[in-house]
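Asker: Input: one structure, supplied below.
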Amino acid sequence: MTEDSEAGGAPFIKERLYFATLRSKPRSTANTHYFCTDDEFVYENFYADFGPLNLAMLYRYCCKLNKKLKSFTLARKRIVHYTGFDQRNRSNAAVLIGGYAVIYLKKTPEEAYRALTSGSNSSYLPFRDASFGNCTFNLTVLDCLQGIRKALQHGFFDFEMFDVDEYEHYERVENGDLNWIVPGKFLAFSGPHPKTKIENGYPLHAPEAYFPYFRKHNVTTVVRLNKKIYDSKRFTDAGFNHYDLFFLDGSTPSDIITRRFLHICESMDGAIAVHCKAGLGRTGSLIGCYLMKHYRFTAGEAIAWIRVCRPGSVIGPQQNFLEEKQAALWLLGDSQRSQKAKLEERASEAVDSGPVLTQGDKLRALKSRRLPRPATTGALRYQTRTRTSSVSSVLANRGRQGPSSPLKSSKFPASSASAAAKRIGRSPSATASNIRRSVLPLTYCPFLTHLTSCLTHLTSCLTHLTSCLTHLTSCLTHLTSCLTHLTSCLTHLTSCLTHLTSCLTHLTSCLTHLTSCLTHLTSCLTHLTSCLTHLTSCLTHLTSCLTHLTSCLTHLTSCLTHLTSCLTHLTSCLTHLTSCLTHLTSCLTHLTSCLTHLTSCLTHLTSCLTHLTSCLTHLTSCLTHLTSCLTHLTSCLTHLTSCLFLPTSCLTHLTSCLIT
């Protein structure tokens, strides 16, 4: 026998770590160390379920195996984890060492499973749900390894930081019966009750019992899936969000409930605590939907991971429900992630391209293009009334404010204006000062009115020119931002073209695949035609079967009628049997008293027999004495007889004498 076959033929680390299935318990040798965990890590079943083992047992197994691999005394030995031929123990042991290979040896689930099925190790019994009856969904060892791998990739657990004592403490019913499925996001727990008590040996907890733990771990929302047992205000008054999404125990959620649950989970900050009655079936089903949508778990991976975290979760048709919803939830999740990525990309482009022209900016630009209201009409009316004094004051005001006020109203600094504009802005001031110096002979100036109107018009022109320059500056700024945005768009267009090229390549491969699919479809249609022919014959046979079934149902009806009469007779028999049992009970009581009396009689009989024995002994002695007495009596009788004969002779002699 070679050393590899001695080690079991399933190497995880060559010449170091092996897994084997053995019929009997082996003894460790100088070169090989054997150990078994079948009796150490035992699954606590609900009904017909037998695994997989929970996260705490997987952690303890990994610690145990790491300790053996690092042990100085085992440094030069092969380490063989062996299990027996019990199919349930084999599957659980396979998940333990396979999980170790995925977590610590960085093997893929497929590599670990190939190692498990190599050598003398055959296939493994699939796990089932926590119920009786036929199993409609097989959860394989490979599903479990893939679920552990997917959870590890998304950071759902880290054995370097894992608190196994806390896990085992809160998993117990008396301590809350709660488990984290996704740390910081989903907490599954058993449904609270109106008040904390122990009912039929089973501890029940009020909502208030969970408040400290929920606040410590940032649980902000509670989702109830079962019927209302407690008042939800007890959670909402304490500051928690509470939602009711009821559906029947053991059933599957509707599309509306599934969508609403996913929306709640996606819109709420903090962790979400989910419960039904036991926190297993309905709870696991909806959390599984979230895992499939947002983390792309397969149905098998989701069920496996949830059961590793909280054994017994997802029951009966809920398993098939997750399997049916897998593709739709994947598409929904991919679409949502794609939209989110596009929004983030647009946001980053907006940040890179500088300030974006908003609606307010556009309205402000349009408003700045409007011409200012002319002030000449009022000034002229005022001048007509007041003659020379008003003209001098108007000219003085124009000289002080006219050229400067438009520039002050601009948002851009004065330095942005051109040199020509500055020269134009200075000329009215000079003109006004010259006019002020020659204001004394105003009554003799025939062109003063015309000059005032010209100055007013010139001021309005300057104002309009300033607004045009301001608008031109804003247009240049906007043009710069547009060019920047255009550059980013061109860059994005280049990446899109690259992506389009890859898509076309992929499309070509898809068309090739489609051609093969069409060929396959043609063969499938041919096969379908033959199947339809066979189906026609099956339908004919089914018709005859239905006819036979009708006769069977008629016979069944008569049988049921007979069964009803039999049940009636059975009821009367049971009544009679009850009375018989009552009579039998009284008879047994009487028999007990008789046996007691018989015992006393036997005791008395024993004493009588003893007395009889003594009497018989005395009788024997009496008989002996009687015998002697009889003997003596016989002799006496003989003597008496002789004595009797003597008187006879005497009488005869006397008679003769008398006659004489």
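Each residue of the sequence shown is one higher than the one before, starting from 11 at the first, in our numbering.
Positions of the beta carbon are idealized from the N, C-alpha and C atoms, including for glycine.
Fair warning: this is a prediction, and the values are worked out from it, not measured in the lab.
#1: Pair every Cβ in the segment 252–263 with every Cβ in the segment 235–244, then say whether three or more of these pairs are closer than 8 Å.
#2: Taking the straight line between their C-alpha atoms, what separation do you get for Arg356 and His495?
#3: Does the Cβ of Phe82 have 16 or more other Cβ atoms within 10 Å, making it buried, or fewer, making it exposed?
#4: What's the call for Leu63, buried or exposed, on a 16-neighbour Cβ count within 10 Å?
#5: Can you find a heavy atom of the ligand MG that lies under 8 Å from the Cβ of Thr609?
#6: If you pair each beta-carbon of the segment 323–335 with each one of the segment 131–151, do three or more pairs fall below 8 Å?
#7: Can you check whether the CB of Phe271 is closer than 9 Å to the CB of Tyr300?
#8: Taking only runs that begin and end inside the segment 187–249, name each unbroken beta strand (DSSP E) of 3 or more residues, in chain order.
#9: Put Arg320 into one of helix, strand or coil per three-state DSSP.
#10: Let's test the definition: count the other Cβ atoms within 10 Å of the Cβ of Ala58 and tell me whether it reaches 16, buried, or not, exposed.
#11: Residue range of the beta strand (DSSP E) that Val90 falls in?
#12: Is there contact between the segment 34–54 and the segment 83–94, where contact requires at least three CB pairs shorter than 8 Å?
#13: Taking only the alpha-carbon atoms, compute the straight-line gap between His579 and Leu573 and give it to the nearest angstrom.
#14: Taking the beta carbon of Val192 as the centre, do at least 16 other beta carbons fall within 10 Å, making it buried, or is it exposed?
#15: Spatial neighbours of Leu290 within its chain, please: CB distance less than 6 Å, with the 5 preceding and 5 following residues excluded, ordered by chain position.
#16: Would you call the CB atoms of Val318 and Gly165 closer than 9 Å?
#17: Report the three-state DSSP secondary structure of Val151 (helix, strand or coil).
#18: If you drop the 5 nearest sequence neighbours on each side, which residues of the same chain put their C-beta closer than 7 Å to that of Ala20?
#19: Starting from Asp175 and walking both ways along the alpha helix (DSSP H), at which residues does that stretch end?
#20: Nearest to Arg100 by CA position, among Pro217, Pro136 and Leu552, is which residue?
#21: Rounded to a whole number of angstroms, what is the C-alpha to C-alpha distance between Thr606 and Thr623?
#22: Give the straight-line distance between the Cα atoms of Ser277 and Asn228, rounded to the nearest whole angstrom.
#23: I think Phe169 touches Ile113, with their Cβ atoms under 8 Å apart; what is that distance to the nearest whole Å?
#24: Which two residues bound the contiguous beta strand (DSSP E) that contains Pro21?
#25: Report yes if the CB atom of Glu311 is closer than 9 Å to the CB atom of Lys160, and no otherwise.
#26: Anyone know if the C-beta pair for Cys275 and Ile267 falls short of 9 Å?
#27: Let me check one thing: in DSSP terms, what residues is Ala251 bridge-paired to?
#28: List the DSSP bridge partners of Ala281.
#29: Going by DSSP, what residue range makes up the alpha helix (DSSP H) through Leu106?
#30: Along the chain, where does the beta strand (DSSP E) containing Thr31 start, and where does it finish?
#31: For Tyr177 and Pro202, which I take to be in contact (beta-carbon distance under 8 Å), what is that distance rounded to the nearest angstrom?
#32: When the distance is taken between beta carbons, is Val183 closer than 9 Å to Tyr212?
#33: How many whole angstroms separate the CB atoms of Asn343 and Ile316, which I take to be in contact at a CB cut-off of 8 Å?
#34: Should Gly109 and Leu152 be called a contact, given that it needs their Cβ atoms to be closer than 9 Å?
#35: Terminal residues of the continuous alpha helix (DSSP H) containing His304?
#36: Give the C-beta separation of Leu1 and Pro263 to the nearest angstrom, bearing in mind that I take them to be a contact with Cβ-Cβ under 8 Å.
Answerer: Taking the coordinates as given:
#1: A contact exists between the segment 252–263 and the segment 235–244.
#2: As a working note, residue 356 is residue 346 in the sequence shown. As a working note, residue 495 is residue 485 in the sequence shown. Going from the Cα of Arg356 to the Cα of His495 covers about 11 Å.
#3: For this step, residue 82 is matched to residue 72 along the sequence shown. Counting every other CB atom within 10 Å of its CB across the protein chains shown gives Phe82 a total below 16, marking it as exposed.
#4: Here residue 63 refers to the residue found at position 53 of the sequence shown. Classification for Leu63: buried.
#5: This structure simply doesn't include the ligand MG, nor any ligand for that matter.
#6: As far as the Cβ criterion goes, the segment 323–335 touches the segment 131–151, which means the pair count is three or higher.
#7: As a position in the sequence shown, residue 300 is number 290, starting the count at 1. As a position in the sequence shown, residue 271 is number 261, starting the count at 1. For Tyr300 and Phe271, yes; Cβs fall inside 9 Å.
#8: Listed in chain order, they are 188–192, 196–199, 207–209, 212–214 and 229–234.
#9: Here residue 320 is taken as the residue at index 310 of the sequence shown, counted from 1. Here Arg320 carries a coil assignment [DSSP, helix/strand/coil].
#10: Taking the first residue of the sequence shown as position 1, residue 58 is located at position 48. With fewer than 16 other Cβ atoms within 10 Å, it is exposed.
#11: Numbered from 1 along the sequence shown, position 80 holds the residue referred to as residue 90. Taken as a continuous stretch (DSSP letters only), the beta strand (DSSP E) holding Val90 covers Arg88 to Thr93.
#12: Yes, they touch.
#13: Position 569 of the sequence shown, counted from the start, is the residue given in the question as residue 579. Position 563 of the sequence shown, counted from the start, is the residue given in the question as residue 573. Linking His579 to Leu573 through their CA atoms gives a straight-line distance of about 10 Å.
#14: Taking the first residue of the sequence shown as 1, we reach residue 192 at position 182. Here Val192 is buried: its Cβ has 16 or more other Cβ atoms, across all protein chains shown, within 10 Å.
#15: In the sequence shown, the residue the question calls residue 290 occupies position 280. Once the five neighbours on either side are set aside, the close Cβ partners of Leu290 are Gly322 and Ser323.
#16: For the purposes of this step, residue 318 is taken as residue 308 along the sequence shown, with counting starting at 1. For the purposes of this step, residue 165 is taken as residue 155 along the sequence shown, with counting starting at 1. Cβ atoms of Val318 and Gly165: not closer than 9 Å.
#17: For the purposes of this step, residue 151 is identified with residue 141 of the sequence shown, where counting begins at 1. Looking at Val151 - three-state DSSP - the assignment turns out to be helix.
#18: Counting from one through the sequence shown, the residue named residue 20 turns up at place 10. For Ala20, where only same-chain residues beyond five positions count, the Cβ hits under 7 Å are Tyr28, Phe29, Ala30, Ala125, Leu126, Ser128, Gly129 and Asn131.
#19: Position 165 of the sequence shown holds residue 175. It spans Val174 to Glu181 - the alpha helix (DSSP H) in which Asp175 sits, taken as one unbroken run.
#20: Position 90 of the sequence shown holds residue 100. When Pro217, Pro136 and Leu552 are compared, the shortest CA-CA separation from Arg100 is found for Pro136.
#21: Locating residue 606 in the sequence shown gives position 596, where the first residue counts as 1. Locating residue 623 in the sequence shown gives position 613, where the first residue counts as 1. The straight-line gap separating the alpha-carbon atoms of Thr606 and Thr623 is approximately 26 Å.
#22: Counting from 1 along the sequence shown, the entry for residue 277 is found at position 267. Counting from 1 along the sequence shown, the entry for residue 228 is found at position 218. For Ser277 and Asn228, the distance between alpha carbons rounds to 15 Å.
#23: One-based indexing of the sequence shown puts residue 169 at position 159. One-based indexing of the sequence shown puts residue 113 at position 103. Contact holds; Cβ gap of about 7 Å.
#24: Position 11 of the sequence shown, counted from the start, is the residue given in the question as residue 21. Segment Pro21 to Ile23, the beta strand (DSSP E) holding Pro21.
#25: Within the sequence shown, the letter at position 301 stands for residue 311. Within the sequence shown, the letter at position 150 stands for residue 160. Yes, the pair counts as a contact, with Cβ atoms nearer than the cut-off.
#26: Along the sequence shown, one-based indexing puts residue 275 at 265. Along the sequence shown, one-based indexing puts residue 267 at 257. Contact flag unset, no.
#27: Start at 1 with the first residue of the sequence shown, and residue 251 comes out as number 241. The displayed chain sequence assigns Asn, not Ala, to residue 251. Looking at the DSSP assignment, Asn251 forms a beta bridge with Thr231.
#28: Residue 281 sits at position 271 when you count from the first residue of the sequence shown. Answer by DSSP bridge pairing, in chain order: Val229.
#29: Along the sequence shown, read from residue 1 onward, the residue named residue 106 stands at position 96. Gln97 to Ile113 is the extent of the alpha helix (DSSP H) around Leu106.
#30: Start at 1 with the first residue of the sequence shown, and residue 31 comes out as number 21. Element bounds for Thr31: Leu27 to Thr31.
#31: On the sequence shown, position 167 is the one that residue 177 refers to. On the sequence shown, position 192 is the one that residue 202 refers to. Not quite, the Cβ-Cβ distance comes to about 21 Å (not below 8 Å), so this is no contact.
#32: As a first step, residue 212 must be located in the sequence shown, where it is residue number 202. As a first step, residue 183 must be located in the sequence shown, where it is residue number 173. Cβ distance < 9 Å, so Tyr212 and Val183 count as in contact.
#33: The residue you call residue 343 lines up with position 333 of the sequence shown. The residue you call residue 316 lines up with position 306 of the sequence shown. Here the sequence assigns Gly to residue 343, which means Asn is not the residue at that position. The Cβ separation is near 18 Å, so there is no contact.
#34: Working through the sequence shown from its first residue, we reach residue 109 at position 99. Working through the sequence shown from its first residue, we reach residue 152 at position 142. No, they are not a contact pair.
#35: In the sequence shown, the residue the question calls residue 304 occupies position 294. Its alpha helix (DSSP H) spans residues Gly291 to Tyr305.
#36: Here the chain covers residues 11 to 670 and nothing more, so residue 1 does not appear.
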